[in-house]
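Since the structure comes first, as structure tokens, the remarks are kept for the end.
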Amino acid sequence: MLDGVAPRLKWLRARRGLSLSALSATTGISKSTLSRLESGQRRPSLELLLPLATAYGVPLDDLVGAPEVGDPRVRMTPRHLPNGGTFVPLTRAPGPLQAYKLLIPHRGTEPDLRSHDGYEWLYVLDGRLRLVLDEHDLVLGPGEVAEWDTKVPHWFSSADGRPVEVLSLFGRQGERMHVRAKPKT
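Numbers 1 to 185, taken from the working numbering, label the letters of the sequence shown in order.
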């Protein structure tokens, strides 16, 4: 685990645009020691890593590349789509069901229907979603849900020219989402 510290230290310093002299002045660690840490010629110790973590404003775990332990939070990284949309994976690892937050732009008025294996569930958070499922042409607003077998030709877009924000659960064929229409009282 400690072998990865040197490149992380070098990357953090470069990312922040700091010279070895400036980092030395901030941390009290000599330039030569910092240089040896970054090149891997010196093994990092807690007494050296603590001031560096403070100077960079990162947790010590990030410097040493410690595996996540017990933290259930998903690190969400938005990904941009060629059509101008954005999706954010909300599940960590591939599995039978995947969750996404989607920001869907206006994709025109002529649907380009597609089909593939799987099952989709969409919940509209904000905006208006136009959903075309085979011969059905629907508009869903905030709080509305749709689910369908993705072998049915489908297409979706913003219904009014403004981006629409949705939660999506997608599962491989045969995996269905089960939701209650109303919460239990």
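We treat Cβ as the ideally placed atom computed from N, Cα and C, and that holds for glycine. Source: prediction; values computed, not measured.
I'd like to know whether the C-beta atoms of PRO142 and ASP126 end up nearer to each other than 7 Å.
Result yes, Cβ atoms of PRO142 and ASP126 sit closer than 7 Å.
For a quick check, are the C-beta atoms of VAL164 and GLU144 less than 7 Å apart?
Their beta carbons are not under 7 Å apart, which means VAL164 does not touch GLU144 by this criterion.
Report yes if the CB atom of LEU12 is closer than 7 Å to the CB atom of TYR56, and no otherwise.
Against a cut-off of 7 Å, the Cβ pair of TYR56 and LEU12 comes out as a contact.
In terms of DSSP beta bridges, what is SER21 paired with?
In DSSP, SER21 forms no bridge with anything.
Does the beta-carbon distance from ALA146 to LEU122 come in below 7 Å?
Closer than 7 Å, so yes.
Could you tell me if VAL152 is buried or exposed, where buried requires 16 or more neighbouring beta carbons within 10 angstroms of its beta carbon?
Under this definition VAL152 is an exposed residue.
Beta carbon of GLU38, beta carbon of ALA6: below 7 Å?
For GLU38 and ALA6, yes; Cβs fall inside 7 Å.
Tell me the residue span of the alpha helix (DSSP H) that contains LEU12.
That run of the alpha helix (DSSP H) goes 5-15.
Give the range of the alpha helix (DSSP H) segment to which LYS31 is assigned.
Taken as a continuous stretch (DSSP letters only), the alpha helix (DSSP H) holding LYS31 covers 31-39.
Please state if the CB of HIS116 and the CB of LEU133 are separated by a distance shorter than 7 Å.
For LEU133 and HIS116, no; Cβs fall outside 7 Å.
Do PRO59 and THR27 have their C-beta atoms closer together than 7 Å?
No, the pair does not count as a contact, with Cβ atoms beyond the cut-off.
Assuming contact is defined by CB atoms lying nearer than 7 Å, are GLU120 and TRP148 in contact in what I supplied?
Result yes, Cβ atoms of GLU120 and TRP148 sit closer than 7 Å.
Suppose contacts are defined by Cβ-Cβ distances below 7 Å. Is LEU34 in contact with LEU23 by that definition?
It is a contact, given that the beta carbons lie within the stated cut-off.
Does the separation of the CB atoms of PRO78 and THR91 fall below 7 Å?
For PRO78 and THR91, no; Cβs fall outside 7 Å.
Could you give the C-beta distance for GLY108 and GLY171, rounded to a whole number, given that I count them as a contact under 8 Å?
Between GLY171 and GLY108 the Cβ distance is about 28 Å, and since that is not below 8 Å, they are no contact.
Report all residues from its chain with a CB closer than 7 Å to the CB of ARG8; omit the five preceding and five following residues, and keep chain order.
The residues are LEU63 and GLY65.
Compute the Euclidean distance between the alpha carbons of LEU113 and ARG75, then round it to the nearest angstrom.
Going by the C-alpha atoms only, they are around 32 Å apart.
Could you name the residues of the same chain whose beta carbon sits closer than 7 Å to that of ARG42, not counting the 5 residues immediately before and after it, in chain order?
Excluding positions up to five away in sequence, the list reads THR33 and ARG36.
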